[in-house]
Amino acid sequence: MLRRTMAASYGLALGLALISLPDPARALDASDIAGGARRAPVGTREITATLASDELEGRNNLTEGSRKARAYLIGQLREIGPGVSGGTDDDAYEHPFALGTNLVAVIRGRELPDEYVMIGAHYDHLGVASNGDVYNGATDNAAGVAVAVSVARAIRSLPEAPRRSVAIALWDAEEDGLLGSIAYVGDPAIPIERTVAYVNLDIQGANLSPGLAGTSIAVGAETGGDALSDVVADAVRAELSASPRGVETLPISFIFGQLRSDYATFVAAGVPTVFFSDSTGSCYHTVRDETRFVDFDKLASQSRIAYRTTIALAEGADTPDFVAPNPALATYGDAITLDTIFTRARPDLKRFATPQRLALERVFDAVHAIVERGADAFRPDDVGTLLDAALQTLDVLDDGLACSSSFARRGGPVFVPGERTHDAGRPVESPHLPSRGTR
Ligand SMILES: [Zn+2]
Numbered sequence: 442m443l444r445r446t447m448a449a450s451y452g453l454a455l456g457l458a459l460i461s462l463p464d465p466a467r468a469l470d471a472s473d474i475a476g477g478a479r480r481a482p483v484g485t486r487e488i489t490a491t492l493a494s495d496e497l498e499g500r501n502n503l504t505e506g507s508r509k510a511r512a513y514l515i516g517q518l519r520e521i522g523p524g525v526s527g528g529t530d531d532d533a534y535e536h537p538f539a540l541g542t543n544l545v546a547v548i549r550g551r552e553l554p555d556e557y558v559m560i561g562a563h564y565d566h567l568g569v570a571s572n573g574d575v576y577n578g579a580t581d582n583a584a585g586v587a588v589a590v591s592v593a594r595a596i597r598s599l600p601e602a603p604r605r606s607v608a609i610a611l612w613d614a615e616e617d618g619l620l621g622s623i624a625y626v627g628d629p630a631i632p633i634e635r636t637v638a639y640v641n642l643d644i645q646g647a648n649l650s651p652g653l654a655g656t657s658i659a660v661g662a663e664t665g666g667d668a669l670s671d672v673v674a675d676a677v678r679a680e681l682s683a684s685p686r687g688v689e690t691l692p693i694s695f696i697f698g699q700l701r702s703d704y705a706t707f708v709a710a711g712v713p714t715v716f717f718s719d720s721t722g723s724c725y726h727t728v729r730d731e732t733r734f735v736d737f738d739k740l741a742s743q744s745r746i747a748y749r750t751t752i753a754l755a756e757g758a759d760t761p762d763f764v765a766p767n768p769a770l771a772t773y774g775d776a777i778t779l780d781t782i783f784t785r786a787r788p789d790l791k792r793f794a795t796p797q798r799l800a801l802e803r804v805f806d807a808v809h810a811i812v813e814r815g816a817d818a819f820r821p822d823d824v825g826t827l828l829d830a831a832l833q834t835l836d837v838l839d840d841g842l843a844c845s846s847s848f849a850r851r852g853g854p855v856f857v858p859g860e861r862t863h864d865a866g867r868p869v870e871s872p873h874l875p876s877r878g879t880r
């Protein structure tokens, strides 16, 4: 469905460009794209810290804290591009629904403006506990919003706009059951059939255990077939070759996200989708999910990977076709990913009490045995073992480890070009954004 209209609109766009523009905008080259990758982390620290500050009261939907978060985020979006309507008033960005307000901004594509690559993250969180402690939600999902905004800003700062339009969407009421993205898909500001891919960010800059500081996951890229899986793998490879402390982001099937973030909404709507996440560790949904526990070194790498994924989809010759999630749920590749994660986490088992350590060792061993038997021996009952391994591991981590600042990668301060030392009281510094008329 997409490819036919894409071919037609590409021809039309090319024709118009040749007729009406003596000097059509050039394609982005590798050096433009690498420059954007270097800028992608700029602002992530300050946006995370601002959203996760007590002043924003945990950003619960339909609260004053949520309204403050929105006012701040609209200020960020306005520097990147207009709302879907082309307007720049507050209400041009706001898409209210019964239980909250989503925010959407657009960077208009230079050749195929009616095709949209969407990058999104939920900005809501859990509000204030009954004892007055604030659920700051630094990794869930201030950091994911920070990545989405900073990636969009890096794309906006490129010397030319990408071929396709890029939409940045910040969802409300995710914590209430994905209500914001569900409301959006039910009444989309951008037609779903023109949304060629969706990049979801939820729980970023977090480490399940200290041994996993250099590891993250990309869930469900197979919903865009090999085309989307390859885009993500290329983005990770480029990051690892350019950055010595890059995060190895491993692919895992759709089901392992447990339908627990807005990615599930877009897959249900038939949009090729990848979901970048660090999963739910011991700080998850506690009042200790605070800025000081965010691994900003990891977050910088994740923002470059999300940027490379988004720009490759926006600039590429083709777009991925939707592939429904595997009815068999899991693959041998998932066994390899889980085994890699467990191998890296093994040195951290000493942090657990003996019964929990033994339980985890059994799970790790069972997954390792599946890998050892080889791809040809992968059987349907291995799927159950893998799904169970993921669930059991998250359960044990949840009550077996204390949420601790040792989860943030140790080491010196991370240098991010253009970024100042964190001070939540000061506004976020923007890199210079080239003016492009009404864009
Ligand atoms: Zn959450």
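Note that the working numbering has the sequence shown beginning at 442, numbered continuously upward. For every residue, glycine included, the Cβ atom is placed at its ideal position computed from N, Cα and C. All of these numbers come straight from a predicted model, not from anything done at the bench.
With a cut-off of 8 Å on the beta carbons, I'd call residue i and residue j a contact; round off their distance for me.
i: Val592; j: Tyr704; result: The Cβ separation is near 16 Å, so there is no contact.
i: Ala630; j: Asp565; result: Actually they are not in contact, since the Cβ atoms of Ala630 and Asp565 sit about 18 Å apart, beyond 8 Å.
Could you give the DSSP three-state label for residue i: helix, strand or coil?
i: Arg798; result: helix
i: Ser897; result: Outside the shown range of the chain (442 to 880) lies residue 897, about which nothing can therefore be said.
i: His566; result: coil
i: Gly618; result: coil
i: Pro632; result: coil
i: Ile432; result: Residue coverage of the chain in this structure runs from 442 to 880, which leaves residue 432 outside it and unanswerable.
i: Phe819; result: coil
i: Asn543; result: strand
i: Arg861; result: Residue confidence for Arg861 is low, a pLDDT of 39 falling below 50, so the modelled location carries little weight; the figure read from the coordinates is stated next. Three-state DSSP puts Arg861 in coil, outside helix and strand.
i: Ser526; result: coil
i: His536; result: strand
i: Thr656; result: strand
i: Val558; result: strand
i: Ile644; result: coil
i: Leu553; result: strand
i: Glu718; result: Here residue 718 is Ser; the residue named in the question, Glu, does not match the sequence. Three-state DSSP puts Ser718 in a strand.
Taking all protein chains shown into account, decide if residue i is buried (16 or more other Cβ within 10 angstroms of its Cβ) or exposed.
i: Gly665; result: buried
i: Ser622; result: buried
i: Ala524; result: Checking the displayed sequence, the identity of residue 524 turns out to be Gly instead of Ala. Answer is buried; the Cβ neighbour count reaches 16.
i: Gly477; result: buried
i: Lys791; result: exposed
i: Ala816; result: exposed
i: Leu832; result: exposed
i: Pro685; result: exposed
i: Gly627; result: exposed
i: Ala546; result: buried
i: Gly859; result: At Gly859 the pLDDT is 41, less than 50, meaning the model places this residue with poor confidence and gives no usable figure here.
i: His726; result: exposed
i: Thr636; result: buried
Would you check whether ligand 1 has a heavy atom nearer than 8 Å to the C-beta of residue i?
i: Glu731; result: no
i: Asn577; result: no
i: Leu567; result: yes
i: Asp555; result: no
i: Asp613; result: no
i: Asp581; result: yes
i: Ile623; result: no
i: Glu616; result: yes
i: Tyr534; result: no
i: Tyr704; result: no
i: Tyr639; result: no
i: Asp643; result: yes
TODO: Tell me, please, whether the stretch 564-578 touches the stretch 481-489 by the rule of three or more beta-carbon pairs shorter than 8 Å.
DONE: no
Task: Segment contact, 8 Å Cβ cut-off, at least three pairs: the stretch 643-650 with the stretch 584-597 - done: yes
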